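Chemist:
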């Protein structure tokens, strides 16, 4: 298996208007992926749904999918929504 590849999210994400994120994930479906949110200012519900579905797809195929670089307030928001580390941070090869 090849190494992990990183997708660095921009400050603002418009999934409806910019297909680059979906295209990146389609292109790298067979590789472990790390999505870096270091530059991201706000996680909207569409992006969050998209990442949860992508993480579930990677998990089903036994591949690593990890969301990194969240600000403390973003991490708190995910926790408030019940989105724990096992949902968007899966190391592959078994159950999260």
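In full-length UniProt numbering, the protein residues as written are 1 to 96. For each residue, glycine too, the CB sits at the ideal point set by N, CA and C. This one's a predicted model, so the numbers in the text were calculated from it and none came from an experiment.
Taking the straight line between their C-alpha atoms, what separation do you get for residue 41 and residue 30?
Modeler: Rounded to the nearest angstrom, the two C-alpha atoms are 29 Å apart.
Chemist: Quick one: residues in its chain with C-beta nearer than 7 Å to the C-beta of residue 94, no 5 flanking neighbours on either side, listed in chain order?
Modeler: Residue confidence for residue 94 is low, a pLDDT of 44 falling below 50, so the modelled location carries little weight and cannot support an answer.
Chemist: Which of helix, strand or coil does DSSP assign to residue 14?
Modeler: Three-state DSSP puts residue 14 in coil, outside helix and strand.
Chemist: Run through the DSSP bridge pairs and tell me what residue 6 is partnered with.
Modeler: Paired residue(s): 34.
Chemist: Between the alpha carbons of residue 73 and residue 80, how many angstroms are there, rounded?
Modeler: For residue 73 and residue 80, the distance between alpha carbons rounds to 10 Å.
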